[in-house]
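Data block below; observations after.
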Amino acid sequence: MKVHTFKICQVVQGREEILFPTLIELNQKKYLVDCGYEETFTEFVRELAKLQVAITDLHAILLSHDDIDHLGALTLFKDQNPNLKIYSSYVEAPAISGELKSERLQQAENSLINLPPEHQEWAKEFIRRLQNIKRTAVDGLLSDNQKIDEEIEVLFTPGHTQGHISFYIASEQLLIANDALVVADQGFDIANPAFTLDLPQAIKSAERIKQLRPRKIICYHGGIVEENVDEKLAALLQKYATSPGA
């Protein structure tokens, strides 16, 4: 097994976005964890090529959840590789495939009326972008503790969204957190607490991650953390225990 994390930098909607996707090579298959915005597709192609991987070499994309920065480019990958398999949690598959409205779109629409005038235009554009995500059928429904190719364990880590998942590779003591955690101030935090759909549940997911005692954590926003991981997780949990709305 080989696990590669690479860096994507791209201006999206007037803001520089920095993402850290992960490629897993296992049993002669290549799995990409999340696939970025439409605008970052070219950067993904370029960075994968540095790893000597073409889009047509990918076996599957493992989707952590339904957010535009994690699946906005999905149809571009499928267009270049029609045999590409798409996996997600069974909870979010209906929204990812377009059968149901996504939680994030519902949240954005519901909060629009309460935003101050100076934020209205940005919010309306964000809603438009969410509405225009091109949807793709999900091939495989993932359940909690399920193993992919015997080594990639699916870990349900809800909170950021209802069906958010992370991936744990026990042989490496490696957790691919996706948006269950972000890197902040040399430690960890909850991703976008103000927009987290269920903050108490997100904190419980962080507790579950700590119980695994991972040696290394990869965050989609922030990258790799492999020093003092347990202490940093403890500090995160202490922060929210003393200030739940932090």
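Convert by adding 8 to the 1-based position in the sequence shown; the result is the number in the numbering used here.
Note that the Cβ used here is the ideal one computed from N, Cα and C, for glycine as well.
Check your understanding: Start and end of the alpha helix (DSSP H) containing residue 213?
Key -> 207-220
Point to revise | Own chain residues within Cβ distance below 6 Å of residue 162, not counting five before or after | key: 150, 154 and 173
Review point. Hey, is the region 89-96 in contact with the region 196-210, meaning 3+ C-beta pairs nearer than 8 Å?
Key: no
Point to revise | Three or more C-beta pairs below 8 Å linking the region 66-85 and the region 34-46 | key: yes
Exercise for review: Whole angstroms is fine: what's the gap from residue 131's alpha carbon to residue 34's?
Suggested key: 40 Å
Point to revise | Inter-residue Cα distance where the pair is residue 20 and residue 32 | key: 26 Å
Practice item. Please report how far the alpha carbon of residue 25 lies from the alpha carbon of residue 36, in whole angstroms. Key: 31 Å
Check your understanding: Between the C-alpha atoms of residue 234 and residue 125, what's the straight-line distance to the nearest angstrom?
Key -> 42 Å
Check your understanding: On the three-state DSSP scale, how would you describe residue 147?
Key -> coil
Practice item. Between the Cα of residue 18 and those of 147, 230, 228 and 50, spot the shortest distance and give me the residue it belongs to. Key: 50
**Study point:** Beta-carbon proximity of residue 188 to residue 146, cut-off 8 Å
**Key:** no
Exercise for review: Report the option in 221, 121, 228 and 144 whose CA atom is closest to the CA atom of residue 238.
Suggested key: 221
Point to revise | residue 210, buried or exposed, once every other Cβ within 10 Å from all chains shown has been counted against 16 | key: buried
Review point. Any idea if residue 129 is buried or exposed, counting beta-carbon neighbours within 10 angstroms, 16 or more meaning buried?
Key: exposed
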